[in-house]
Amino acid sequence: MKLKLYNTCILPIFLYGLDCWAISKMDACKIDALDQWCLHMLLGIKWYQFVWNDDVRTLTKQPKLTAIIQLRRLTLFGHIMRMDDNADAKRLAAFGCPIVVCGDFNIHVDNTDDIYAVRLSELLQSFGCVQHVAEPTHSAGHTLDLVITRSDTSISALRVGDMISDHALVRFKLQSSSSRMRVIYHNWSATKQRPHPQSVAEISHHSVLSGDRI
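Numbered by the numbering used here, the letters in the sequence shown go through residues 1060 to 1273 in order.
Set out below in structure tokens:
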């Protein structure tokens, strides 16, 4: 009964939105460790009893959470590949159209100890993206205004200009073979909060820009 409640009530909440999770190896280890701890608690197994983790999974017939995450991701990929060829999600996944995400992220990427900066860096790596701005863009001396592209998308003449408010103007050139341009804006300024890394992942999925220049 406890295991049924765990699978019915706990895991669906914990794994909500896992299709778009960007997790590192450390995150994967922590996720499986938490699941293993929960199974030990459900079975009443104490740490000093030295029961092997594999024995616990054999007894409960529970797959690792990282295995569930991988399966769900493959399911999402199959769903995307069955979409119409003109769907933005399929173009991003299959055709590799250029992506540019830029603006005030309100994340101190210049601070390597900032948890938001670390999570954003891991997220960009998981999507094969690169952040190009390496100079302070805010009057307080931090780098908040970012320009993000895929690693195979080249930009040139990136320059951080003078302050036009408490932020500096960032200029760059983007070369593209397509004459069409589509821009999608996402505004966090109304909330006055830092964007959650998963929100950035959603922008990476839905913000498509292909054009001659920006």
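Built from N, CA and C at the ideal position, the CB exists for glycine as well.
TODO: Out of Gly1162, Pro1195, Arg1141, Pro1071, state which residue places its alpha-carbon closest to the alpha-carbon of Ile1207.
DONE: Its Cα nearest to that of Ile1207, the residue Gly1162 stands out among Gly1162, Pro1195, Arg1141, Pro1071.
**Message:** In whole angstroms, give me the CA-to-CA distance for Thr1196 and Gln1190.
**Reply:** In this structure, the alpha-carbon of Thr1196 lies about 14 Å from that of Gln1190.
Three-state secondary structure (DSSP) at Ile1214?
strand
When burial is assigned at 16 or more other CB atoms within 10 Å of the CB, is Ile1166 buried or exposed?
buried
request  = Name the two residues that bound the continuous beta strand (DSSP E) containing Leu1233.
outcome  = 1227-1233
Would you kindly work out how many angstroms separate the C-alpha atoms of Phe1073 and Asp1094, rounded to a whole number? Taking the straight line joining both Cα atoms gives about 10 Å.
_Straight-line gap, Asp1114 to Asn1145 (C-alpha atoms, nearest Å)_ = 48 Å
Item checked: First and last residue of the uninterrupted alpha helix (DSSP H) at Ile1139 -> Unbroken alpha helix (DSSP H) run through Ile1139: 1124-1140.
Three-state class that DSSP yields for Asp1204 in the structure shown:
strand
inquiry  = Taking the alpha-carbon of Asn1066 as reference, which of Thr1134, Cys1079, Cys1097, Met1085 has the nearest alpha-carbon?
reply    = Considering only alpha carbons, the answer is Cys1097.
* DSSP state of Met1060 mapped onto helix, strand, coil -> coil
request  = Measure from the alpha carbon of Ser1275 to the alpha carbon of each residue in Gly1076, Ile1069, Leu1182, Tyr1175, then state which is nearest.
outcome  = The structure shown does not extend to residue 1275, since the chain is modelled only from 1060 through 1273, so no value can be given for it.
Quiz item: Hey, how far is the Cα of Lys1089 from the Cα of Thr1125?
Solution: 10 Å
Taking Phe1231 as the reference, give the member of Asp1169, Arg1132, Gln1108, Val1192 with the closest Cα. Val1192
Check: For Lys1089, which of helix, strand or coil comes out of DSSP?
Finding: helix
Notebook entry, point to check: Got a sec? Which residues, its chain only, sit under 8 Å from Val1229 by beta carbon, not counting five neighbours each side?
Noted result: Cys1161, Val1192, Thr1196, Asp1204, Val1206, Leu1217, Arg1218, Val1219, Gly1220
Whole angstroms are fine: how far does the CA of Met1085 sit from the CA of Thr1134? 24 Å
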